[in-house]
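Q: Protein chains in written order, with numbering that gives the first Met the number 0: chain A, 0 to 459; chain B, 0 to 459.
There are 2 protein chains.
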Amino acid sequence: MSYFDAASAAPLHPVARQALLASLDEGWADPARLYREGRKARILLDAAREAAAEAVGCRPDEVVFTSSGTQAVHTGIAGALAGRRRVGRHLIVSSVEHSSVLHSAEVFERDGGEVTRVAVDRTGAVTAAGYEAALRPGTALACLQSANHEVGTVQPVAEVAEVCRAAGVPLLVDAAQSLGWGPVPGGWSLLAASAHKWGGPSGVGLLVVRKGVRFAARGPVDERESGRAPGFENIPAIVAAVASLRAVRAEAAREAERLRELTGRIRTRVPGLVADVEVVGDAERRLPGIVTFSCLYVDGEALLHELDRAGFSVSSGSSCTSSTLTPSHVLKAMGVLSEGNVRVSLPAGAAEEDVERFLEVLPGAVTGVREKLGAPAAAPAAQAGPGELVVDSLGKRCPIPVIELAKVFGQVPVGGTVRVLSDDEAARLDIPAWCGMRGQEYVGEEPAERGTAYVVRRVS
Amino acid sequence: MSYFDAASAAPLHPVARQALLASLDEGWADPARLYREGRKARILLDAAREAAAEAVGCRPDEVVFTSSGTQAVHTGIAGALAGRRRVGRHLIVSSVEHSSVLHSAEVFERDGGEVTRVAVDRTGAVTAAGYEAALRPGTALACLQSANHEVGTVQPVAEVAEVCRAAGVPLLVDAAQSLGWGPVPGGWSLLAASAHKWGGPSGVGLLVVRKGVRFAARGPVDERESGRAPGFENIPAIVAAVASLRAVRAEAAREAERLRELTGRIRTRVPGLVADVEVVGDAERRLPGIVTFSCLYVDGEALLHELDRAGFSVSSGSSCTSSTLTPSHVLKAMGVLSEGNVRVSLPAGAAEEDVERFLEVLPGAVTGVREKLGAPAAAPAAQAGPGELVVDSLGKRCPIPVIELAKVFGQVPVGGTVRVLSDDEAARLDIPAWCGMRGQEYVGEEPAERGTAYVVRRVS
């Protein structure tokens with residue numbers, strides 16, 4: 000079995016396992032107590048805090064241990080917004096943040112706050128200018144991920160931090176995907192991360208609040224973690240988290256180079272191995288271990304099953320693989336093809352031969368799914384036919400509307416149009432993407448009696 | 000070293016350790032994923048949920064795993080209050096709840112809610128009549144612990160649940176101290192608990208929300224734990240928590256009897272071994288492992304240090320052992336002596352000889368502390384002196400004001416009064432308690448130029 004979904008959760012690092020075992024016996028007591036067991040627990044916790052601070056590049060008293068990365072994000076955003084509520088009730092996030100950031104933004108909106116979602120380009124990157132334009136006098140906080148969790152694109156954090164600093168607005172960086180690779184550059188104000196993304200145990204998040212950043216904890220708190228994260232500290236897991244962060248950092252430079260080469264192979268070779276593939280994300284500014292591509296005419300869930308049967312665990316941003324049946328918000332914001340989407344995220348230590356085997360297995364898996372769906376093998380030649388065709392794909396899910404479009408497209412003459420009626424959310428993304436891949440003109444969408452009509456004009 | 004502070008945190012149960020180790024390799028992946036590692040994690044999580052439900056006596060889909068008992072309480076109270084906000088904004092808690100409940104109540108008050116704190120008797124118990132009197136049309140929620148964490152008193156949960164049910168008000172039970180001993184009786188609506196109290200690992204809380212209970216999660220959530228506890232599930236710790244709950248339950252009946260006998264010895268023998276001791280809590284309706292007493296003229300922190308040096312880890316509700324320098328709110332609500340307070344909470348498996356050694360060591364430890372403080376050995380005989388004496392104890396901390404009162408008390412004639420000026424919060428509790436123990440009359444308190452004057456009349 001090759002586990003290629005490290006961006007969801009990395010397997011426990013051997014150092015984490017070792018540290019966890021060692022501290023189960025020393026770190027279970029209440030570190031607030033003065034007796035021997037409490038003092039031992041306190042020593043472990045203090046040492047972990049110092050080591051975490053060193054890895055992040057901050058002061059130990061700026062580090063708050065939380066119970067997950069999600070908790071760190073929720074706590075950090077709520078606390079920073081509350082700390083600056085007198086400044087204003089405006090929040091800036093990128094449109095490709097992790098759902099924990101976007102959920103926080105939605106709650107803030109529901110409570111009367113205003114949120115600006117900064118757009119990204121087709122690689123998934125924001126620009127400092129985008130943040131600069133969004134900043135305004137009432138901006139309480141800006142949030143930006145250090146790198147995207149679905150496509151691996153690295154964000155210009157230092158530049159965005161600089162424009163935020165100039166405006167006197169704190170920047171919260173969600174460093175969940177990158178902290179194992181190195182410290183986050185630039186003058187950020189708050190930082191959140193998650194241990195199980197770097198091979199630490201579940202149950203540990205990291206929130207860093209720089210001195211001088213206004214912060215008012217929301218909801219009930221207690222005396223733990225400087226009043227910012229209530230509840231008994233999970234010291235064995237904290238110790239294991241920090242020990243593994245140090246361990247992965249020690250291997251980071253060499254491992255980054257190795258994984259970057261392996262994901263580079265996938266980026267380069269998949270388009271040659273599989274027809275009609277869009278590799279997404281930035282080819283240069285990207286995390287070492289993540290590569291993402293989408294396959295036209297492919298049902299993402301079926302492809303994941305095929306790959307799982309072949310021994311590969313990967314994830315997907317396709318609508319059919321989400322509980323809401325909508326494509327990933329990241330792919331949507333990038334405006335790229337979402338059907339047949341595959342994210343490969345290699346864990347540290349991923350073997351070259353497994354990557355090679357993946358490249359061997361993938362074309363057959365894609366072909367199998369396409370055959371089952373009756374996907375057209377190639378774009379048919381134009382026939383003399385009616386100038387407008389309507390395809391009724393109502394009630395049909397991704398990738399069927401695109402397949403049905405492709406099947407009839409040969410029947411309209413150059414200059415003619417096809418109207419695809421669809422009530423599938425993915426069509427809004429995938430029909431324009433199909434046009435881009437096929438060099439046809441996407442005219443636009445119109446409301447229809449049921450669902451939406453997506454209009455495509457044949458130009459060649 | 001004898002660890003007698005199980006009510007804070009129990010050492011890891013061997014079964015928890017075993018289960019944790021076993022599931023570290025099987026339970027690290029995302030249980031929401033469809034590939035093999037995800038399915039394995041899901042199977043472990045589902046099995047843990049079923050086993051937890053069986054131990055609690057509820058349905059598996061009523062169980063929410065949280066990251067701590069505190070988180071379970073915070074989430075449960077906030078969610079239940081929000082779910083019934085149209086009914087009203089009134090919350091009932093007992094005055095001896097765990098701080099996590101009281102902190103939730105304070106936040107609710109800050110947000111405009113109203114809170115009734117039900118009083119307890121001198122044993123720390125509420126009555127169903129007390130809750131009945133507090134219920135009103137706008138009551139959204141009532142909270143009651145199953146048993147008190149500081150003095151071990153078992154609360155009449157079933158009776159209180161019955162009066163709440165009759166009023167249509169849900170009852171949330173904080174079962175942190177008792178769930179390891181057995182299911183909570185009665186028709187409660189929500190339940191919270193904490194794994195590290197029964198020998199499970201840190202980082203796991205349990206929230207149960209009965210079907211039909213209105214519940215609206217507050218703050219940002221995600222798709223995990225039925226939208227009630229956001230963030231990646233800590234499956235290895237959850238598995239360990241539930242496995243150890245089953246293990247301690249299997250031993251509960253026998254172990255309860257054994258510990259009850261050991262704490263009974265302490266209850267019975269301490270007043271004979273140490274002069275001027277008040278054993279607090281209910282002698283009958285109590286948890287098996289907890290016994291709490293207070294020693295007149297003793298500095299709680301100094302006594303804890305003495306006991307730690309002698310090899311005993313216990314905790315205290317004395318003001319000098321709290322970061323706020325106020326006595327425990329539980330002792331305050333009970334109206335009992337708070338100085339020199341010691342809570343002994345025996346972990347499962349505590350050895351009889353360790354308890355016997357504690358009883359041997361305690362008298363010397365108390366005497367040592369009293370000698371250092373210059374505590375009066377006995378009440379001096381009355382002397383003919385002025386009818387009123389003033390003792391200026393301003394700026395002096397517990398137990399000094401009571402010691403100074405005792406030292407001069409012999410100088411006033413029967414019928415005369417002593418006014419103790421003090422700005423120490425503990426004096427409000429401990430001077431009346433001293434009067435009770437000495438059979439003298441506590442006249443009351445009056446505001447003084449600085450601090451408060453506590454007036455005591457000599458009656459014998």
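Idealized CB from N, CA, C, for every residue including glycine. If you're wondering where the values come from, they're calculated on a predicted model, not measured in any experiment.
Along the segment 64–81 of chain A, where does the CB come closer than 8 angstroms to a CB of chain B? Name the residues.
A: Here the close residues are S66, S67, G68, T69, Q70, H73, A77.
Q: Name the chain E residues that come within less than 8 angstroms of R16 of chain A, Cβ to Cβ?
A: Annotation note: the requested chain E is absent from the structure, which comprises protein chains A and B.
Q: List, in chain order, every chain B residue whose beta-carbon is nearer than 7 angstroms to that of E113 of chain A.
A: Correct list: empty, because the minimum Cβ distance to chain B is about 17 angstroms.
Q: With three or more C-beta pairs closer than 8 angstroms as the rule, is the segment 21–39 of chain A touching the segment 62–70 of chain A?
A: No, the segment 62–70 of chain A is not in contact with the segment 21–39 of chain A.
Q: Report the neighbours of Y2 of chain B on chain A: residues whose CB is nearer than 9 angstroms to its CB, in chain order.
A: Those are A28, Y34, R35, E36, listed as they occur along chain A.
Q: So what does DSSP say about F214 of chain A, is it helix, strand or coil?
A: Reduced to three states, the DSSP call for F214 of chain A is coil.
Q: Answer with yes or no whether the minimum CB distance from D275 of chain A to chain B is below 7 angstroms.
A: D275 of chain A does not count as touching chain B.
Q: Since V72 of chain B and V92 of chain B are thought to touch, with beta carbons under 8 angstroms apart, how far apart are those beta carbons, to the nearest angstrom?
A: 11 angstroms between Cβ atoms; not a contact.
Q: So who's on the other strand from R456 of chain B, going by DSSP bridges?
A: R456 of chain B is bridged to B:T416, B:E440.
Q: Can you list, in chain order, the residues of its chain whose CB lies under 8 angstroms from that of H89 of chain A, leaving out five sequence neighbours each side?
A: Cβ within range, chain order: G112, E113, V114, T115, R135, G137, T138, A139.
Q: Between S225 of chain A and chain B, is any beta-carbon pair separated by less than 7 angstroms?
A: Cβ-Cβ to chain B under 7 angstroms: no for S225 of chain A.
Q: Report yes or no: do three or more beta-carbon pairs, one from the segment 393–405 of chain A and one from the segment 240–247 of chain A, lie closer than 8 angstroms?
A: No contact exists between the segment 393–405 of chain A and the segment 240–247 of chain A.
Q: Is the beta carbon of V419 of chain B closer than 7 angstroms to that of R453 of chain B?
A: It should be pointed out that residue 453 of chain B corresponds to Tyr in this sequence rather than to Arg. A contact, by the Cβ cut-off of 7 angstroms.
Q: Excluding five sequence neighbours on each side, which residues of the same chain lie with their C-beta closer than 8 angstroms to the C-beta of G438 of chain A?
A: Result list for G438 of chain A: V458, S459, in chain order.
Q: Which residues of chain B have a Cβ atom closer than 8 angstroms to the Cβ of V460 of chain A, listed in chain order?
A: Residue 460 of chain A lies beyond the residue range present for chain A, which begins at 0 and ends at 459; the question has no answer from this structure.
Q: Alpha carbon to alpha carbon, how far is S201 of chain B from A228 of chain A?
A: The straight-line gap from Cα to Cα measures roughly 14 angstroms.
Q: Hey, L295 of chain A and D275 of chain A: beta-carbon distance below 7 angstroms or not?
A: Yes.
Q: If you measure from the beta carbon of S177 of chain B to each beta carbon in chain A, is any gap under 7 angstroms?
A: Chain A, which has no Cβ nearer than 7 angstroms to the Cβ of S177 of chain B, makes this no.
Q: Within 7 angstroms of any Cβ in chain A, is that where the Cβ of H97 of chain B sits?
A: Closer than 7 angstroms: no.
Q: Against chain B, with Cβ distances strictly below 7 angstroms, would E463 of chain A count as a contact?
A: In the structure as shown, chain A begins at 0 and stops at 459. Residue 463 of chain A is therefore absent and cannot be evaluated.
Q: Closer than 6 angstroms by C-beta to N340 of chain B: which residues in its own chain qualify, once you throw out the five before and the five after it? Chain order, please.
A: So the qualifying residues of the chain are S293, G299, S315, G316, S317.
Q: Helix, strand or coil: which one does DSSP assign to F231 of chain A?
A: Here F231 of chain A sits in coil by DSSP.
Q: Comparing alpha-carbon positions, which option in B:L205, B:A216, B:K210, B:R342 lies nearest T262 of chain B?
A: With distances taken between Cα atoms, T262 of chain B lies closest to B:R342.
Q: Helix, strand or coil for E387 of chain A, going by three-state DSSP, please let me know.
A: Three-state DSSP puts E387 of chain A in a strand.
Q: Taking the alpha-carbon positions, what's the A251 of chain B to A236 of chain A distance?
A: About 28 angstroms.
Q: Using only the alpha-carbon positions, how far apart do G181 of chain B and R253 of chain B sit?
A: Distance between the alpha carbons of G181 of chain B and R253 of chain B: 12 angstroms.
Q: Hey, G167 of chain A and V150 of chain A: beta-carbon distance below 7 angstroms or not?
A: The answer is no: Cβ separation not under 7 angstroms.
Q: Is DSSP giving Q70 of chain A helix, strand or coil here?
A: Helix at Q70 of chain A.
Q: Does any CB atom of chain A fall closer than 7 angstroms to the CB of H89 of chain B?
A: No, no contact with chain A.
Q: Output needed in chain order: residues of the segment 221–252 of chain A with a Cβ under 8 angstroms from some Cβ in chain B.
A: Here the close residues are D221, E222, P229, G230, F231, E232, N233, I234, P235, A236.
Q: Consult DSSP for H328 of chain B and reduce its assignment to one of helix, strand or coil.
A: DSSP places H328 of chain B in helix when its eight states are reduced to three.
Q: Kindly indicate which three-state DSSP category S193 of chain A falls into: helix, strand or coil?
A: In this structure, S193 of chain A counts as strand in the three-state DSSP scheme.
Q: Is any beta-carbon of chain B found at less than 7 angstroms from that of L205 of chain A?
A: No, its Cβ sits nowhere closer than 7 angstroms to a Cβ of chain B.
Q: What span of residues does the alpha helix (DSSP H) with H304 of chain B cover, start to end?
A: Counting along the chain, the alpha helix (DSSP H) containing H304 of chain B begins and ends at 299–308.
Q: Does the beta-carbon of A165 of chain A have 16 or more other beta-carbons within 10 angstroms, so that it is buried, or is it exposed?
A: Answer is exposed; the Cβ neighbour count stays below 16.
Q: Comparing the C-beta of G202 of chain B with each C-beta of chain A, is any distance below 7 angstroms?
A: So, interface residue.
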